[in-house]
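A.B. asks: I have a structure here, written as structure tokens, and I will follow up with some questions on it.
Number of protein chains: 2
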Amino acid sequence: MPYRPRLSNAQCAPTFTVEARDEHGVAVPTSIATERPLTIYVDKREIVTLMTLGAAPEALAIGYLRNQRLVDNIEEIVAVQVDWEVGAVAVTTRNGLADLDGRMQKRTVTTGCGQGTVFGALMDDIENIHLRDDVRLSEATYYQLIDNVRRYDTIYKAAGAVHGCALAHGSEILMFVEDVGRHNAVDAIAGRMWLDAIDGSDKVFYTTGRLTSEMVIKCAQMQIPILVSRSGLTQMGYDIATKTGITMIGRATGKHYLLFTGAHRFVK
Amino acid sequence: MPYRPRLSNAQCAPTFTVEARDEHGVAVPTSIATERPLTIYVDKREIVTLMTLGAAPEALAIGYLRNQRLVDNIEEIVAVQVDWEVGAVAVTTRNGLADLDGRMQKRTVTTGCGQGTVFGALMDDIENIHLRDDVRLSEATYYQLIDNVRRYDTIYKAAGAVHGCALAHGSEILMFVEDVGRHNAVDAIAGRMWLDAIDGSDKVFYTTGRLTSEMVIKCAQMQIPILVSRSGLTQMGYDIATKTGITMIGRATGKHYLLFTGAHRFVK
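These protein sequences, in sequence, are chains A and B.
Residue numbers for the first sequence follow the numbering used here, beginning at 759 and rising by one.
Residue numbers for the second sequence follow the numbering used here, beginning at 759 and rising by one.
See below:
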């Protein structure tokens, strides 16, 4: 069994029904996605407030700390306790976080609006990332994965307004998380990968969201060599994919896709 | 003429072409949206780094400071100078910003990941927002607006991966901004409204993005009573719309829409 911190199990109902009126004047009960503030405290120190669907709050908190590189190893975390009454998650570490003031200072000045939160140091380390080059994804497996993903997308189908992320091994979906923020979904995947001791180096990451700089960086940091998105990409996402050599497929809908970078891992 | 700070005019090319391979193995030149870091300095103090398309950087910087309530009035701003060589915008104020340390401290702990940046105080003031109740939008005007918006959406059509926002008077679009972050687009609209001395109290705000808490708060803060989105909404977006009495229309596509709140301003 991999090491696990003590965890609460505080996932909450992802949708909520309100009444709307449509263009015919008819009252339509409409599912909308939950959105709750969740403030992360590490050893009683307030770190950040995330707006989340609340489907995987413990994994989200762990993955946030992982992806922001505030915690280097799951074993540093002793407990993760979510309390929705106060909208807080208390993370207890074994030995405290080293140089938290310095890292928080860095964050203050480099927060990316609408792009989630980026620490300045995150970009500096792209040069040091080396992804596995012997991993392959065949087109047939890719199409099977897209078909498998389509069936998982349940909150989106019911309520819209969420993004989904999946971690897959070939076409097999190992985990699937949806959230109101696309960065929360990728962070929750990162958290679950640590909790389940899953190595990213031979996996495929799928997201419904756009491939912006931070999304590509986070996948590369998790050592995942293949990244697939239903949406488009930005120039910085493309530049970082080129630098890291990640295999990036965009506009993945039905039978269509565009292969942008890292073509050596994709087998037609 | 309304007061204007000294402004650079540093908008940059919004798209960039790369070559991708499609499912037929054919090389497809593909437009992708630009994404650049832009660090805002106020009186030489670093405030935040935004990842932006760069279509309206001066308005974005001003609108960011407005929507985060770091600046109360356009006349406090003397100059806004963008320099893409260093990815920075220098904002010079007349008298400095009052209590910047206190406000920055607040921001550090309440940054909403994937939701842009929220200051803690922003939510506290919802109770004090009163939107005009005598503004009306007829269904015919609404449909005309949707048709007008459709024709503006050019970067999205070319490259995807961007969100668009429009400020309209009835069906007439007064301004339209696209950006890689939906919060950047709304902030740039806020900046242009200040620059052009446009009052929001009888206007309609349109966004392609989802109606999350922060999006609704920003519109309400700008005194805009009617909010229309192509996308869905979240529970907190709905709750804030209910509290402020804003007229909120979601899933606005073609002939379909859902009217969620503030029905008194919408005339069928």
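The beta carbon of each residue, even a glycine, is placed where N, CA and C say it ideally should be.
(1) Let me know if G874/A comes out buried or exposed under the rule of 16 or more other beta-carbons within 10 Å of its beta-carbon.
(2) Looking at the strands, I want to know which residues DSSP matches up with C923/A.
(3) Which whole-angstrom value is the C-beta distance of I975/B and I835/B, which I expect to be below 8 Å?
(4) Closer than 8 Å, CB to CB, is G1020/B near chain A or not?
(5) Quick one, which residues of the segment 964 to 993 of chain B are near chain A if we go by CB-CB under 7 Å, in chain order?
(6) Under 8 Å Cβ-Cβ, which residues of chain B neighbour G783/A?
(7) Run down chain B in chain order and give the residues with a C-beta less than 8 Å from the C-beta of K1013/A.
(8) Along the chain, where does the beta strand (DSSP E) that runs through D945/B open and close?
(9) What does Y996/A reach in chain B if we use C-beta pairs closer than 7 Å?
(10) Under 8 Å between C-beta atoms, does G918/A make it to chain B?
(11) Report yes if the C-beta distance between D937/B and A946/B is below 8 Å; otherwise report no.
(12) For a contact meaning CB atoms closer than 7 Å, what does V829/A contact in chain B?
(13) Over the uninterrupted alpha helix (DSSP H) stretch that includes Q993/B, give me the two end residues.
(14) By how many angstroms is the C-alpha of L828/B removed from the C-alpha of E804/B?
(15) Pick helix, strand or coil for E777/A, following the three-state DSSP scheme.
(16) So, does the CB of T868/A fall closer than 8 Å to a CB anywhere in chain B?
(17) Indicate whether G990/A and A785/B have their beta-carbon atoms separated by less than 8 Å.
(18) Can you confirm whether V849/B, when its beta carbon is compared against all beta carbons of chain A, has any partner nearer than 8 Å?
(19) In the structure shown, what three-state DSSP assignment does L796/A receive?
(20) Quick one: list the residues of chain E neighbouring L903/B, beta-carbon separation under 7 Å, in chain order.
(21) My guess is that L823/A and V849/A are in contact by the Cβ rule of under 8 Å, so how many angstroms apart are they, rounded?
(22) So R893/B and Y964/B are in contact, right, with Cβ under 8 Å, and what is the actual spacing, rounded?
(23) Can you find the residues in the same chain that come closer than 8 Å, C-beta to C-beta, to T992/A, ignoring five residues on each side of it along the sequence?
(24) Are the segment 953 to 960 of chain A and the segment 994 to 1002 of chain A in contact at 8 Å, needing three or more beta carbon pairs?
(25) Can you check whether the C-beta of V840/A is within less than 8 Å of a C-beta belonging to chain B?
(26) Quick check for students: name the residue ranges of the alpha helix (DSSP H) that lie wholly in the segment 814 to 850 of chain B, counting only runs of 4 or more.
(27) Could you tell me the boundaries of the beta strand (DSSP E) in which I1007/A lies?
(28) Kindly indicate which residue of G1012/A, R852/A, G845/A has the alpha-carbon position closest to the one of S987/A.
(29) What in chain B is Cβ-close to E793/A, meaning under 8 Å?
(30) Tell me the DSSP bridge mates of F1024/B?
(31) If you draw a straight line from the alpha carbon of E816/B to that of T797/B, how long is it in whole angstroms?
(32) Taking Cβ to Cβ, would you say A943/A is nearer than 8 Å to G922/A?
(33) V776/A and F1018/B - do their beta-carbons sit closer together than 8 Å?
(34) Any idea what DSSP makes of T807/A, helix, strand or coil?
(35) Where does T912/B sit, in a helix, a strand or coil, going by DSSP?
(36) Give me, in chain order, the residues of the same chain whose beta-carbon lies closer than 7 Å to that of A761/B; leave out the 5 immediate sequence neighbours on both sides.
C.D. replies: Let's see:
(1) Because G874/A carries a pLDDT of 41, less than 50, the predicted location of this residue cannot be relied on, and no value is offered for it.
(2) Beta-bridge pairing by DSSP links C923/A to V935/A, T965/A.
(3) Wrong, their Cβ atoms sit about 22 Å apart, outside the cutoff.
(4) In terms of beta-carbon proximity, G1020/B stays away from the interface with chain A, with every pair separated by 8 Å or more.
(5) The residues in question are R968, T970, S971, S989, G990, L991, T992, Q993.
(6) K1026, listed in chain order.
(7) E781
(8) Taken as a continuous stretch (DSSP letters only), D945/B belongs to no beta strand (DSSP E), being part of the alpha helix (DSSP H) at 940 to 953.
(9) Against chain B, the beta carbon of Y996/A has neighbours under 7 Å at V776, I790, listed in chain order.
(10) yes
(11) yes
(12) Ordered by position in chain B, no residue passes the 7 Å Cβ test against V829/A, which lies about 16 Å from the chain.
(13) 993 to 1002
(14) 13 Å
(15) strand
(16) Here T868/A scores only 35 on pLDDT, less than 50, and its place in the model should not be relied on; the value that follows carries that caveat. It does; some Cβ of chain B falls within 8 Å.
(17) Not closer than 8 Å, so no.
(18) Output row for V849/B: interface = no.
(19) strand
(20) The structure shown contains no chain E; the protein chains it does contain are A and B.
(21) 7 Å
(22) Here the sequence assigns Val to residue 893/B, which means Arg is not the residue at that position. At roughly 15 Å, the Cβ-Cβ gap does not stay under 8 Å, so V893/B and Y964/B are not in contact.
(23) R968, L969, T970, S971
(24) no
(25) Interface criterion not met: the Cβ of V840/A is under 8 Å from no Cβ in chain B.
(26) 815 to 825
(27) 1005 to 1011
(28) Looking only at G1012/A, R852/A, G845/A, the smallest Cα-Cα distance to S987/A is reached by G1012/A.
(29) T970, S971, T992, Q993, M994, G995
(30) L895/B
(31) 12 Å
(32) yes
(33) yes
(34) strand
(35) helix
(36) Reading off the sequence shown, one finds Tyr at residue 761/B, where the question assumed Ala. Around Y761/B: I832, E833.
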